[in-house]
Structure formats: C-alpha cells, structure tokens
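Read through the structure below, which is laid out as structure tokens, and then see the notes.
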Amino acid sequence: MKAERTCDLLIVGGGVGGCAAALAAASLGRRVVLTEETDWLGGQITAQAVSALDEHARIESFGGTDSYYRFRNGIRDYYRAHYPLTPQARQAKRLNPGNRGYLFHEPRVALAVLEAMFAPHRAARRVEILVEHRAVRAEAGGDRVLAVELADLRHGGSVVVHAPFVIDATELGDLLPLTGTEYVSGAESQADTGEPHAVTGAPQPENVQAFTVSFIVDYL
C-alpha cells in the first residue's frame, strides 16, 4: 500500500548538502520532506565516517554560513557537555577533539548535533524526515519532477511524495535515471564539450574520484 505526502520541497538524500538545504528551506517557513536511504542523516560526516571536515584555512574566522557555524559550535559544545575533557581542552575556544584539520569529531557526535538542529523544525512540522527510504520511481513531465516514490526499507510498502520542487541530494544521483534526465559519468572529452581542460581523446566514464576508506579508533 502506498502512502501519499505533499510538501513545498522534497529533498532525496540526507547527506550534508541535503541537510543544509532542508534547514535553509525550513528556516524560511517551507514544508520539507527529507529522505535518507540509511538510518543516519549526515552522509560523509556521519554514516560514511569521513568526519575530518573539508574546510579552508580561514574557517575559524570567516567564510562559512551561519548554519554551518552553528553546526561546528554544536560539535564543540557537545564534547564539552558530555565528554571528560582536560581543563585546557574544555577552555579552548577552538577545541579540536581529533588530530586532523580544524575540527575532527566522531560521526555519532555530528549526528547528535544535526538531530538537535532539526528538532525545532520537526516539532513545528516544517520538516519530516524519512530514514531508510530509497527512491524507486519518479513521475516527471515537461522537464519537471512531479512526484517521487520511496520504498520503506524497514517496514515495507512505499510513500509517494508530491512537491513543486525536488532536490536530488543523493550520493550517486539516484533520481537522474528515474526521471529520464540526460547525464554522463566520469570525465568528458574535449570533443564532447569544447572545454580546453577536458580530457583529450575519448571520454573516460570510469574516471571518478578515488575512494577513501575510514576507520574509527576509540580509547578505553
């Protein structure tokens, strides 16, 4: 049996980009449905365990959005509130729990902070979060996505979400084939695009970014 939802904005994919888009839309009073295939929001910084934030060298002073700084401060506040820190670490304005970048953290801490950021919007019913839901079908017309069907991976069944605006924030562009959108993968050739910095010769569809394998190390 298929359930039905309507909202102002559907975001398929609950990684960092999807969460940022949902928080921005909710702060403007829009009704948002945010979906995620796994049981954790946050993508790279949580479920994928790549929690060394990719940041520029001046991030502690400027160059981030208000919501991103609230997220960063939330991580530090979480450690101060829940972890046994040394007095020096507790007083450090730029506390870095790890040894990489400017703010390295455990994935579960980032998840807790994201959940706290969403809490007021969920309480006000501006945001509905559907974890363990995978996009399986989409309805499109006139170069617009009209609705997306999502399979409930935990309980079975599915839900169809109708929205005037849809964002594909999945890791692999899951909505592209479902909506019939034209796309390519890998590196396009100069012959295809005319771009001077594209690869010469034939396109390279398998030329993608290298994989990063992460390990979580704890102390007892």
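At position 48 of the sequence shown (counting the first as 1) the number is 48 in the working numbering, and the numbers step up by one without a gap. Think of the CB as a built atom: it goes at the ideal place given N, C-alpha and C, for glycine as much as any other residue.
Within the continuous beta strand (DSSP E) that includes residue i, where are the two ends?
| i | result |
| --- | --- |
| Arg144 | 144-152 |
| Gly141 | 133-141 |
| Val33 | 32-36 |
| Ala3 | 2-6 |
With residue i and residue j assumed to form a contact (beta carbons below 8 Å), what rounded beta-carbon distance in angstroms separates them?
| i | j | result |
| --- | --- | --- |
| Glu37 | Glu188 | Not a contact, Cβ separation roughly 28 Å. |
| Thr179 | Ala138 | 5 Å |
| Pro107 | Thr46 | 5 Å |
| Cys7 | Leu114 | Rounded, the Cβ-Cβ distance is 20 Å, inconsistent with contact. |
| Phe24 | Val127 | Note on identity: in this sequence residue 24 is Ala, with Phe being the wrong assignment. Actually they do not touch by this definition, with Cβ atoms about 11 Å apart. |
| Gly15 | Gln44 | 6 Å |
| Ser158 | Leu150 | 6 Å |
Under a Cβ-count criterion, where at least 16 other Cβ atoms within 10 Å of its own Cβ denotes burial, should residue i be classed as buried or exposed?
| i | result |
| --- | --- |
| Thr86 | exposed |
| Ala51 | Here residue 51 is Ser; the residue named in the question, Ala, does not match the sequence. Counting Cβ neighbours within 10 Å, Ser51 comes out buried, since at least 16 surround it. |
| Thr200 | exposed |
| Arg58 | exposed |
| Asp174 | buried |
| His56 | exposed |
| Tyr183 | exposed |
Quick one, are the C-beta atoms of residue i and residue j less than 8 Å apart?
| i | j | result |
| --- | --- | --- |
| Asp168 | Val12 | yes |
| Met117 | Phe62 | no |
| Arg80 | Arg90 | yes |
| Ile75 | His105 | yes |
If I follow the unbroken alpha helix (DSSP H) through residue i, where does it start and stop?
| i | result |
| --- | --- |
| Ser27 | 16-27 |
Length-filtered (4 minimum) alpha helix (DSSP H) runs lying within the segment 48-88: Entirely contained in the segment 48-88, the alpha helix (DSSP H) runs reaching 4 residues are, in chain order, 66-82.
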